[in-house]
Amino acid sequence: MDSAVTPMDSTMENRGVADQARNTIEQEPAPQPSMGKGPALALLLAGPALSLPNMLVIRTVIGTQKTIVFVGLVVVMSTVSGLIFGLLSS
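Whatever position you read off the sequence shown (first residue = 1), add 5 for our numbering.
Here it is as structure tokens:
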């Protein structure tokens with residue numbers, strides 16, 4: 006009869022397992038994948054201006070050469086703004 010497990014013993018064992026699991030979870034937080042603030046700003050600045058329908062409308066209004074310059078300026082300026090913001094916010 007000495008080898009029988011009492012309800013109190015099994016409860017203590019379960020608490021030990023729960024404590025070990027809780028400690029493992031608290032010690033090793035999962036990495037949170039996310040986009041940096043600089044690239045997010047660049048995406049938000051360039052996205053609406055460089056959509057295909059928007060570029061087609063701009064081309065019909067101001068011409069092909071000016072549209073190419075406009076697209077180039079938007080890409081360069083949004084990239085530079087994102088880089089600066091990313092450096093300042095980190």
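Glycine included, C-beta positions come from ideal geometry on N, C-alpha and C.
Assumed close pair residue i, residue j - CB separation to whole angstroms, cut-off 8 Å
i, j, result
"Leu50", "Ser83", "4 Å"
Straight-line Cα distance separating residue j from residue i
i, j, result
"Ala46", "Met60", "The sequence shown places Leu at residue 46, rather than the Ala named in the question. In a straight line, the C-alpha of Leu46 is about 20 Å away from that of Met60."
"Gly68", "Ser86", "27 Å"
"Gly41", "Leu88", "10 Å"
"Val81", "Pro36", "32 Å"
"Val66", "Ser39", "38 Å"
"Leu57", "Leu48", "15 Å"
Boundaries of the alpha helix (DSSP H) in which residue i is found, first to last residue
i, result
"Gln70", "Thr69 to Ser94"
"Ser43", "It is worth fixing the name first, because residue 43 is Gly in this sequence and not Ser. Taken as a continuous stretch (DSSP letters only), the alpha helix (DSSP H) holding Gly43 covers Lys42 to Ala54."
9 Å Cβ cutoff met for residue i and residue j
i, j, result
"Gly52", "Gly91", "no"
Residue i: CB within 8 Å of a non-hydrogen atom of the ligand NAD
i, result
"Ser39", "Judged by which ligands are present, the structure shown has none, so any question about the ligand NAD falls away."
Residues of its chain near residue i, where Cβ-Cβ distance is below 7 Å and the 5 sequence neighbours each way are ignored
i, result
"Val76", "Leu55 and Met60"
"Ile63", "Thr72 and Phe75"
"Val79", "Ala51, Ala54 and Leu55"
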